[in-house]
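S.K.: All the letters of the sequence shown, read from the start, carry residue numbers 51 to 808 under the numbering used here.
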Amino acid sequence: MVKRYAIRVAGRVQGVGFRPTVYRHAVASGVSGFVRNTPSGVEVEAEGESAALDLFLQRLREEPPPQAVIEAMTVREMPPVNEQDGFRIIPSEGSGDLLVGLPPDLALCADCARELADPADRRHRHPFINCTNCGPRFTIAESLPYDRARTTMRVFDMCPDCRSEYENPGDRRFDAQPVACPKCGPTLRFLDASGQEIQTTDPLSEAARRLREGQILAVKGVGGYHLCCDAHNENALRLLRERKARPAKPLAVMFSSIEEIRRELILGEDEARALASPAAPAVVLRRQPGCTLARLLSPDTDDVGALLPYTPLHRLLLEAIHPLVMTSGNLAEEPIIKDESELGLFLGRIADGVLSHDRAIVRRCDDSVIRFAADGRVLLRRSRGWTPGHVPLPLEGPPVLACGAEVKSTFCVTRGREAILSQHIGDLSEYPSVTFYREALADLLGLLRIRPEIVAHDLHPDYASTRFALDYPAARRVAVQHHHAHIAACMAEHSLTGPVLGVALDGSGYGPDGMVWGGEFLVADYAGYRRAGHFKPYRLPGGEGAIRHPSRMAFSVLAAELGAEAERVAAEQWPAWTAEQRASLMRLIESGAHSPWTSSAGRLFDAASALLGLCDEISYEGQAAVRLETAADRDERGAYPSTLIEKNDCLQLDFGATWRTMLEDRRRGLALGRLAARFHRGVAEGVAAMSRALREREGLNRVALSGGVFQNALLLEWLLEVLKKDSFEVYSHHQVPPNDGGLSLGQAVVALAVEKAT
Numbered sequence: 051m052v053k054r055y056a057i058r059v060a061g062r063v064q065g066v067g068f069r070p071t072v073y074r075h076a077v078a079s080g081v082s083g084f085v086r087n088t089p090s091g092v093e094v095e096a097e098g099e100s101a102a103l104d105l106f107l108q109r110l111r112e113e114p115p116p117q118a119v120i121e122a123m124t125v126r127e128m129p130p131v132n133e134q135d136g137f138r139i140i141p142s143e144g145s146g147d148l149l150v151g152l153p154p155d156l157a158l159c160a161d162c163a164r165e166l167a168d169p170a171d172r173r174h175r176h177p178f179i180n181c182t183n184c185g186p187r188f189t190i191a192e193s194l195p196y197d198r199a200r201t202t203m204r205v206f207d208m209c210p211d212c213r214s215e216y217e218n219p220g221d222r223r224f225d226a227q228p229v230a231c232p233k234c235g236p237t238l239r240f241l242d243a244s245g246q247e248i249q250t251t252d253p254l255s256e257a258a259r260r261l262r263e264g265q266i267l268a269v270k271g272v273g274g275y276h277l278c279c280d281a282h283n284e285n286a287l288r289l290l291r292e293r294k295a296r297p298a299k300p301l302a303v304m305f306s307s308i309e310e311i312r313r314e315l316i317l318g319e320d321e322a323r324a325l326a327s328p329a330a331p332a333v334v335l336r337r338q339p340g341c342t343l344a345r346l347l348s349p350d351t352d353d354v355g356a357l358l359p360y361t362p363l364h365r366l367l368l369e370a371i372h373p374l375v376m377t378s379g380n381l382a383e384e385p386i387i388k389d390e391s392e393l394g395l396f397l398g399r400i401a402d403g404v405l406s407h408d409r410a411i412v413r414r415c416d417d418s419v420i421r422f423a424a425d426g427r428v429l430l431r432r433s434r435g436w437t438p439g440h441v442p443l444p445l446e447g448p449p450v451l452a453c454g455a456e457v458k459s460t461f462c463v464t465r466g467r468e469a470i471l472s473q474h475i476g477d478l479s480e481y482p483s484v485t486f487y488r489e490a491l492a493d494l495l496g497l498l499r500i501r502p503e504i505v506a507h508d509l510h511p512d513y514a515s516t517r518f519a520l521d522y523p524a525a526r527r528v529a530v531q532h533h534h535a536h537i538a539a540c541m542a543e544h545s546l547t548g549p550v551l552g553v554a555l556d557g558s559g560y561g562p563d564g565m566v567w568g569g570e571f572l573v574a575d576y577a578g579y580r581r582a583g584h585f586k587p588y589r590l591p592g593g594e595g596a597i598r599h600p601s602r603m604a605f606s607v608l609a610a611e612l613g614a615e616a617e618r619v620a621a622e623q624w625p626a627w628t629a630e631q632r633a634s635l636m637r638l639i640e641s642g643a644h645s646p647w648t649s650s651a652g653r654l655f656d657a658a659s660a661l662l663g664l665c666d667e668i669s670y671e672g673q674a675a676v677r678l679e680t681a682a683d684r685d686e687r688g689a690y691p692s693t694l695i696e697k698n699d700c701l702q703l704d705f706g707a708t709w710r711t712m713l714e715d716r717r718r719g720l721a722l723g724r725l726a727a728r729f730h731r732g733v734a735e736g737v738a739a740m741s742r743a744l745r746e747r748e749g750l751n752r753v754a755l756s757g758g759v760f761q762n763a764l765l766l767e768w769l770l771e772v773l774k775k776d777s778f779e780v781y782s783h784h785q786v787p788p789n790d791g792g793l794s795l796g797q798a799v800v801a802l803a804v805e806k807a808t
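1. Determine the DSSP secondary structure at C279, reduced to helix, strand or coil.
2. If I'm right that Q797 touches A626 with Cβ under 8 Å, what's the distance once you round it to whole angstroms?
3. Pick out whichever of R602, R745, F178 has its Cα sitting closest to the Cα of V553.
4. Is the Cβ-Cβ distance between V66 and G91 less than 8 Å?
5. What are the boundary residues of the alpha helix (DSSP H) that M203 is part of?
6. Which value, in whole angstroms, describes the spacing of the CA atoms of G235 and G564?
7. By DSSP, does D704 sit in helix, in strand, or in coil?
8. Report the option in L662, E771, E622 whose CA atom is closest to the CA atom of A681.
9. Tell me whether F68 is buried or exposed, calling it buried when 16 or more other Cβ atoms sit within 10 Å of its Cβ.
10. Please report how far the alpha carbon of E292 lies from the alpha carbon of F486, in whole angstroms.
11. Within the same chain, show all residues whose beta-carbon is closer than 6 Å to that of E735, passing over the 5 residues directly before and after it, in chain order.
12. Considering only their Cβ atoms, is the gap separating T648 from V566 smaller than 8 Å?
13. Kindly list the residues whose CB is nearer than 6 Å to the CB of S479, restricted to its own chain and excluding five residues on each side of it in sequence; keep chain order.
14. Between L148 and the rest of its own chain, which residues show a CB-CB distance below 7 Å, the 5 nearest in sequence each way excluded?
15. Considering just the uninterrupted stretch of the beta strand (DSSP E) at W567, what are its terminal residues?
16. In whole angstroms, give me the CA-to-CA distance for A643 and A596.
17. According to the Cβ coordinates, are T377 and V676 closer than 8 Å?
18. Is DSSP giving C181 helix, strand or coil here?
19. Counting pairs of beta carbons, one from the stretch 215-234 and one from the stretch 368-377, are three or more of them closer than 8 Å?
20. Could you name the residues of the same chain whose beta carbon sits closer than 8 Å to that of R337, not counting the 5 residues immediately before and after it, in chain order?
21. Quick one: using the 10 Å Cβ neighbour count with 16 as the cut-off for buried, is G318 buried or exposed?
22. Tell me, which residues are paired with S756 by DSSP?
23. Determine the DSSP secondary structure at F422, reduced to helix, strand or coil.
24. Measuring alpha carbon to alpha carbon, tell me which of C540, A657, H599 ends up nearest Y588.
25. Would you kindly check if the distance between the Cβ of D211 and the Cβ of R434 is under 8 Å?
26. Mark D512 as exposed unless 16 or more other C-beta atoms lie within 10 angstroms of its C-beta, in which case mark it buried.
27. To the nearest angstrom, how far is it from the Cα of S515 to the Cα of L301?
28. Within the same chain, show all residues whose beta-carbon is closer than 6 Å to that of Q117, passing over the 5 residues directly before and after it, in chain order.
29. According to the neighbour-count rule (16 or more other Cβ atoms, all chains shown, within 10 Å of its Cβ), is G146 buried or exposed?
30. List the endpoints of the continuous beta strand (DSSP E) containing Y55.
31. Helix or strand or just coil, what does DSSP make of G398?
32. So is S669 buried or exposed if we call it buried at 16+ other beta carbons inside 10 Å?
33. Going by other Cβ atoms of all chains shown within 10 Å of its Cβ, with 16 needed for buried, is R262 buried or exposed?
34. Which class does G318 belong to by DSSP, given the choice of helix, strand or coil?
35. Along the chain, where does the alpha helix (DSSP H) containing R291 start, and where does it finish?
36. Less than 8 Å between the C-beta atoms of E679 and R598, yes or no?
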């Protein structure tokens, strides 16, 4: 019996070889009809015998293209039309909508990797080999619809062989917009420290030779330039850190293979899958006991951010020399550079040469970074490989622009029930990052073809993102408290409805009471929140200065907990301080001048790190906490005590006993690892005690965890352990970062909820 089905498929189904896959399944199944792209996804009409159609649908569901993500597929029977033309791929109707037509940049696939290594293949050692299953997408599209004429590949005319593949529905390069070969594609070149092109027939070999000599190179990738050097060369590493003014922040390392990573780092199954996935992020891994990698890669921690070569250019370079440092080509927290016109920032100052090419980059897009904790994947930076993929929303409304935070900045735009987060922007206290923010926003809104009706922003009046939001033309604005946004982002990830107990632990966020919040327990839904508990507040002497100097925060803790005894302990702890310096800090704390109250969990970890002699001054955000986590003995089971007290109709988690017990343990000479671990376990136990008390008081058993402190895998693991033992339903981040990189998602969903409630 002949039937005809109308099939609609939504999700990441354009730009990933979906239509040729449908074509091949249809031909193999013996059905007729057509497939085409539409603004909402892919449309298929298939006609044939019932058994053939069933086989076709089974193959469609079970064997989609490797990079496709099917979010919905509907099948509706319609009258047969006696199809006579076999199965066809027909021209699209307004295809290229961003949500369905422009997937993230995809890592080199296995088929292209085999061809790259095959001397008999015409693309042997071609640094730009790709197909519908891999290659650049987001970073080369100039406009939509997404086709070659609207990408930076338009300047490369396809040779007859490439065009034949591009136009053949049975070929895996059918409609692959970046398709090229050595005859017709981009080419490499090498520039010296003055920016002059070196005349060489093999720029790759020139780059490898210089890297072996200990030089530092800028290497052009898909979303910008990396700074690169030999990961085993201590002198090159030291020089890179000096030139980039990055004394201690970890440097990512690209390895030639999974096997090479296993020799140096502890690699689990989840981590291995992530490294080899189409997103190909940097994955944070712990060193093996016999690791030969230089300590200078990550002097503060036993962790290393590991990458596999995700482009054919990287693959070829790593064949010649490996492993290689691959750190973002930027200055401090500024955006990654993408154009040769920007290389003046590096050439002769940081980089000794440049391995470049003539395929232009439209959008900067830095590497994504993830780590795995007890509850699964934690994104530390969501960028290449994820952007511009969307996050499903639990509610919908008018389009919203959510402007994010100040550091680890992203913005978010909504349309219907979908939220699209930008790539990682950086620190908006840096002017180049503000420029990048504005450019990226104008670009994304243009691609989406929407105008936001609602603008959401943080409460902090001095954030650059807040100032931008207040100047942006929109019908309505919604100010969202920082920690409410954190919890809402976690809720949105899991499509939670109704109130939850939100535990927001981070460095700092503007509190409506004028305090610097950061250790918060909120009863929250999307539309609002109530502060039900918080960490005991301490003075932040010198404001931002205390963040840069954790020892100041430690002194504030001593002053609060030990009173007059604090100066004597401080004199022993920091002998380089003069009596006047200690007295000056005490005056700041006692007067409150330039010393706001803070309940920050991040500052709590800073203070502990300083009191244990691990970090008195930081050179990058979170350095003190990183050292504290690294020092902790995983086998220690003890926990420092804390107490719950009622204050101003709010529960307060008081860590006074923690500090006194820690100081006593240190005087007794207990091992540093045990002290650091007891602090972590003490915080986990204290948070769990507060959660139990609030469950009793509020009747809430669902806990949402968010905030930058939950980048600490040890704290997250131990807190999850105790909360789940207490039968809580616990939710943490997996789709967006727990840090401020995920904040814009929370702002967006709060704005939608507020709009719905009005």
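Ideal placement from N, C-alpha and C gives every residue a C-beta, glycine not left out.
M.R.: Result, derived from the coordinates:
1. For this step, residue 279 is matched to residue 229 along the sequence shown. C279 sits in a strand when the DSSP states are folded into three classes.
2. Working through the sequence shown from its first residue, we reach residue 797 at position 747. Working through the sequence shown from its first residue, we reach residue 626 at position 576. 43 Å between Cβ atoms; not a contact.
3. Residue 553 sits at position 503 when you count from the first residue of the sequence shown. Comparing Cα-Cα distances from V553 to each of R602, R745, F178, the minimum goes to R745.
4. Along the sequence shown, one-based indexing puts residue 66 at 16. Along the sequence shown, one-based indexing puts residue 91 at 41. Taking C-beta atoms as the reference points, V66 and G91 fail to come closer than 8 Å.
5. Position 153 of the sequence shown, counting from 1, holds the residue named residue 203. Unbroken run through M203: none, as it is neither H nor E.
6. Counting from 1 along the sequence shown, the entry for residue 235 is found at position 185. Counting from 1 along the sequence shown, the entry for residue 564 is found at position 514. Rounded to the nearest angstrom, the gap between the Cα atoms of G235 and G564 is 58 Å.
7. Numbered from 1 along the sequence shown, position 654 holds the residue referred to as residue 704. Assigned with DSSP and collapsed to three states, D704 falls in strand.
8. Your numbering for residue 681 matches position 631 in the sequence shown. Of L662, E771, E622, the residue nearest in Cα terms is L662.
9. Start at 1 with the first residue of the sequence shown, and residue 68 comes out as number 18. That one is buried.
10. Here residue 292 corresponds to residue number 242 of the sequence shown, with the count starting at 1. Here residue 486 corresponds to residue number 436 of the sequence shown, with the count starting at 1. Going by C-alpha positions, E292 is about 26 Å away from F486.
11. As a working mapping, residue 735 is identified with position 685 in the sequence shown. The beta carbon of E735 sits closer than 6 Å to those of A689, all from its chain and outside the five residues before and after it, given in chain order.
12. Within the sequence shown, numbered from 1, the residue matching residue 566 stands at position 516. Within the sequence shown, numbered from 1, the residue matching residue 648 stands at position 598. For V566 and T648, yes; Cβs fall inside 8 Å.
13. Taking the sequence shown and counting its residues from 1, the one referred to as residue 479 is at position 429. Counting only Cβ-Cβ distances below 6 Å, and skipping sequence neighbours, we find nothing.
14. Working through the sequence shown from its first residue, we reach residue 148 at position 98. With a pLDDT of only 47 at L148, under 50, the local geometry of the prediction cannot be trusted, and the value read off the model is given with reservation. The beta carbon of L148 lies closer than 7 Å to those of L194, P438, L497, L498 in the same chain, with the five residues before and after it left out.
15. Taking the first residue of the sequence shown as position 1, residue 567 is located at position 517. Where W567 is concerned, the enclosing beta strand (DSSP E) stretches over 566-574.
16. For the purposes of this step, residue 643 is taken as residue 593 along the sequence shown, with counting starting at 1. For the purposes of this step, residue 596 is taken as residue 546 along the sequence shown, with counting starting at 1. If you take the alpha carbons of A643 and A596, they lie about 13 Å apart.
17. Numbered from 1 along the sequence shown, position 327 holds the residue referred to as residue 377. Numbered from 1 along the sequence shown, position 626 holds the residue referred to as residue 676. In this structure, T377 lies away from V676, with their beta-carbon atoms at least 8 Å apart.
18. What you label residue 181 is simply residue 131 of the sequence shown in a count that begins at 1. In this structure, C181 counts as strand in the three-state DSSP scheme.
19. Segments in contact, no.
20. Against the sequence shown, residue 337 aligns to sequence position 287. Residues E314, L315, I316, L343, D352, D353, V354 of the same chain have their beta carbon placed closer than 8 Å to that of R337, with the five preceding and five following residues left out of the count.
21. In the sequence shown, residue 318 corresponds to position 268, counting from 1. Burial check for G318: the Cβ neighbour count within 10 Å stays below 16, so the residue is exposed.
22. Counting from 1 along the sequence shown, the entry for residue 756 is found at position 706. Within the DSSP secondary-structure output, S756 pairs in a beta bridge with A554.
23. Within the sequence shown, numbered from 1, the residue matching residue 422 stands at position 372. For F422, the secondary structure class from DSSP, reduced to helix, strand or coil, is strand.
24. Position 538 of the sequence shown holds residue 588. Closest by alpha carbon: A657.
25. Position 384 of the sequence shown holds residue 434. Position 161 of the sequence shown holds residue 211. The criterion of a C-beta distance shorter than 8 Å is not satisfied by R434 and D211.
26. For the purposes of this step, residue 512 is taken as the residue at position 462 of the sequence shown. With fewer than 16 other Cβ atoms from the protein chains shown falling within 10 Å of its own Cβ, D512 counts as exposed.
27. Residue numbering aside, residue 515 sits at position 465 when the sequence shown is read from its first letter. Residue numbering aside, residue 301 sits at position 251 when the sequence shown is read from its first letter. Cα to Cα, the separation comes out at about 28 Å.
28. If you number the sequence shown from 1, residue 117 lands on position 67. In its chain, beyond the 5 residues on either side, V66, L156, N183, P328 have a beta carbon closer than 6 Å to the beta carbon of Q117.
29. As a working note, residue 146 is residue 96 in the sequence shown. Its pLDDT being 45, under 50, G146 is placed unreliably by the model, and nothing is read from it.
30. Reading the sequence shown from its first residue, position 5 is the one you call residue 55. Where Y55 is concerned, the enclosing beta strand (DSSP E) stretches over 52-62.
31. Indexing the sequence shown from 1 puts residue 398 at position 348. Note: G398 maps to coil in three-state DSSP.
32. Your numbering for residue 669 matches position 619 in the sequence shown. S669 is exposed by the Cβ-count criterion.
33. The residue labelled residue 262 in the question sits at position 212 within the sequence shown. It is exposed - the Cβ of R262 has fewer than 16 other Cβ atoms within 10 Å.
34. Taking the sequence shown and counting its residues from 1, one reaches residue 318 at position 268. Note: G318 maps to coil in three-state DSSP.
35. The count along the sequence shown starts at 1 and reaches residue 291 at position 241. In the DSSP annotation of this structure, the continuous segment of the alpha helix (DSSP H) that includes R291 starts and ends at 284-294.
36. Your numbering for residue 679 matches position 629 in the sequence shown. Your numbering for residue 598 matches position 548 in the sequence shown. Cβ atoms of E679 and R598: not closer than 8 Å.
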